[in-house]
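Peer 1: The numbering of the sequence shown is numbering that gives the first Met the number 0, which starts it at 0 and goes up by one. Note that beta-carbon positions come from the ideal geometry of N, C-alpha and C, so glycine has one too. Computed from a predicted model, the values in this text were never measured in an experiment. Structure below; questions to follow.
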Amino acid sequence: MSTTVEAVSERSAAEVNEAIRDLWLRSGGTLSVEQREEYRRLVLEWAAAAPQPSRAA
0 MSTTVEAVSE RSAAEVNEAI RDLWLRSGGT LSVEQREEYR RLVLEWAAAA
50 PQPSRAA
């Protein structure tokens, strides 16, 4: 199983976050095996889309 993100998200972190919230609402709080895979993919997409904090020199 690969843990790399295939491509940079074209959606904003806020849009992906909304998709995650929708998934949880649709599932009633308990994710099926397929939904867990979708959740994992969404979290990776969110992480790729989220702004990265700049590091001070």
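(1) Terminal residues of the continuous alpha helix (DSSP H) containing residue 54?
(2) How big is the Cα-Cα spacing for residue 45 and residue 24?
(3) Looking at the structure shown, is residue 41 part of a helix, part of a strand, or coil, going by DSSP?
(4) Using the beta-carbon count (16 or more within 10 Å), is residue 15 buried or exposed?
(5) Taking a contact to mean a Cβ-Cβ separation below 8 Å, would you say residue 48 touches residue 18 in this structure?
Peer 2: Once the coordinates are examined:
(1) No alpha helix (DSSP H) holds residue 54; DSSP gives it neither H nor E.
(2) 18 Å
(3) helix
(4) buried
(5) no
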